[in-house]
Amino acid sequence: MRLDELTRPDFPILERRVNGQPLVYLDSAASSQKPRQVIEAMTRYYETSHSNVHRSIHTLGEEATELYESARDHVQRFLGAASREEIVFTRGTTDGLNLLAEAIGRTLRPGDEVLITEMEHHSNIIPWQMAVRDRGAVLKAVPVVGEGFLDVEAFSRLLTARTRVVAVAHVSNVLGTINPVRQIVARARDVGALSVIDGAQAAPHLPLDVSQLGCDFYVCSPHKMLGPTGIGILYGRRAALDALEPARGGGEMIKEVWIDRARWNDLPWRFEPGTPPVAEAIGLAAAIEYLEKLGMHQVSEHERALTRDALDALSAIPDVTVYGPRDPEIKGAVVAFNVADLHPHDAAALLDAEGIAVRAGHHCAQPLMRHLGTVGTVRASFSVYTAPDEVARLARAVSGLKSML
Ligand code: C6P
141 MRLDELTRPD FPILERRVNG QPLVYLDSAA SSQKPRQVIE AMTRYYETSH
191 SNVHRSIHTL GEEATELYES ARDHVQRFLG AASREEIVFT RGTTDGLNLL
241 AEAIGRTLRP GDEVLITEME HHSNIIPWQM AVRDRGAVLK AVPVVGEGFL
291 DVEAFSRLLT ARTRVVAVAH VSNVLGTINP VRQIVARARD VGALSVIDGA
341 QAAPHLPLDV SQLGCDFYVC SPHKMLGPTG IGILYGRRAA LDALEPARGG
391 GEMIKEVWID RARWNDLPWR FEPGTPPVAE AIGLAAAIEY LEKLGMHQVS
441 EHERALTRDA LDALSAIPDV TVYGPRDPEI KGAVVAFNVA DLHPHDAAAL
491 LDAEGIAVRA GHHCAQPLMR HLGTVGTVRA SFSVYTAPDE VARLARAVSG
541 LKSML
């Protein structure tokens, strides 16, 4: 049985119609839909065990704490982290990157460099701009070349003894390029730089093992992984997290407080000030169980087949420009394209009228759009529930757009 045939009955939203047509949801890279198992786990928690965590000795407090901390074990297993202390819950990828940029930023000195790439999402650009500002540090970016790959020679040139941080997307949210993060991490380590991997578009689709990858930090967003919004994952290698001074303060991140100073809590709570997203962590655990049951190798194989179908079908339509690598073996589950000189927003609105949900615009990657010489693109993206006939429906509708012009 194909993965979509197996999973679709679990996703209630996929039964709805949009503009009189069955919904074709091709915007999973922006946020995936949620299976019943995730929705029910969160409802069950609110109906039976809700309380604050780590604070109350009563039964509900203990149940909530146990469920919340068990979600951390799920994430540790899913990412291949060496210990549960290496998993910090944040509010999302953007929040995790800001947390890192704030904390690492405080240690930057004049002349230090942070190296990112031209294909980064704004979430992996702006926090570093803020971190280098006023510190006399410098932000540099590896250019994109060819079909959408990082310029390896430029990377070698730009990575120097001055580089303190290398922050790179594992998978581009526009091009779909799977970057050679293992090599990048190793090269960063060689010059003594910290490696930060933005895994927002990789974690939902690829089998991961952060310990093998060897990175210092890895961030991702559960809402793109069949889980809820409002929670994020920040993996930090034990030694890297230990060396990091928390930049955000509040309840629960401390052991002892005086008016003029404090002693920090142990890892990972040191980086989790305030009441955390408890229900969301429980929903995330259910999403991880769901993905693990499917198997991440099967998930990526299913999505690779859809990406291949989409690349073949869209490239065959005259006047359609497809962006990013043409080889689905080295590409995540996104295909960005434009139709003649139709504005991507108009194309998306016309597709929506046929019940097809795609994203259009600059995808929070304006430097990359500038490189591609376009204001934006249309983007179709896939998940475990996406069916091959939905990709075919997209291609038919895109062909129709041309005749409307
Ligand atoms: N990209 C997209 O449609 P948040 O919003 O914090 O969950 O994730 C931010 C983010 C960071 N890095 C990459 C590579 C991303 O793709 C995203 C989110 C969505 O492409 C929404 S802009």
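In terms of my numbering, the sequence shown opens at residue 141 and continues consecutively. All C-beta atoms in this analysis are idealised placements derived from N, C-alpha and C, irrespective of residue type, glycine included.
>> Whole angstroms are fine: how far does the CA of glutamine 216 sit from the CA of threonine 122?
In response: Outside the modelled stretch of the chain, which goes from 141 to 545, sits residue 122, for which no answer is possible.
> Which residue comes first and which comes last in the alpha helix (DSSP H) that contains arginine 378?
Replying inline: In the DSSP assignment, arginine 378 falls within the alpha helix (DSSP H) that extends over 378-382.
>> Going by beta-carbon coordinates alone, are valine 474 and arginine 519 separated by less than 8 Å?
In response: In this structure, arginine 519 lies closer than 8 Å to valine 474 by Cβ.
> Where does lysine 280 fall in DSSP's three states?
Replying inline: Note: lysine 280 maps to strand in three-state DSSP.
>> Can you determine whether any heavy atom of the ligand C6P sits closer than 7 Å to the C-beta of asparagine 238, and answer yes or no?
In response: Closer than 7 Å to some heavy atom of the ligand C6P: that does not describe the Cβ of asparagine 238.
> What span of residues does the alpha helix (DSSP H) with tyrosine 208 cover, start to end?
Replying inline: Segment 199-219, the alpha helix (DSSP H) holding tyrosine 208.
>> Just verifying my parser: in three-state terms, what is the DSSP assignment at tryptophan 404?
In response: In the structure shown, the three-state DSSP call for tryptophan 404 is strand.
> Do the CB positions of arginine 231 and glycine 370 come within less than 8 Å of each other?
Replying inline: Contact flag set, yes.
>> On the CB-based measure, 16 or more other CB atoms within 10 Å of its CB, does lysine 433 come out buried or exposed?
In response: Per the 10 Å Cβ criterion, exposed.
> Is cysteine 355 near the ligand C6P, judged by its Cβ being under 7 Å from some heavy atom?
Replying inline: Cysteine 355 Cβ: outside cutoff for every heavy atom of the ligand C6P.
> Based on the DSSP output, what are the partners of cysteine 360 in its beta bridges?
Replying inline: Looking at the DSSP assignment, cysteine 360 forms a beta bridge with Ile373.
> Mind checking whether the beta-carbon of aspartate 338 lies closer than 7 Å to any heavy atom of the ligand C6P?
Replying inline: Yes, the ligand C6P has a heavy atom inside 7 Å of this Cβ.
> Cα separation between aspartate 349 and arginine 322?
Replying inline: Looking at the two C-alpha atoms, the distance is approximately 11 Å.
>> Once DSSP output is grouped into helix, strand and coil, what is the label at asparagine 478?
In response: The answer is strand: DSSP assigns asparagine 478 an E or B state.
> With distances taken from CA atoms, which of Glu155, His310 and Leu143 is nearest valine 343?
Replying inline: The question names valine, but residue 343 is alanine in the sequence shown. Selected option, being the one with the closest Cα: His310.
> Would you call the CB atoms of proline 152 and leucine 366 closer than 8 Å?
Replying inline: 8 Å or more divides the Cβ of proline 152 from the Cβ of leucine 366.
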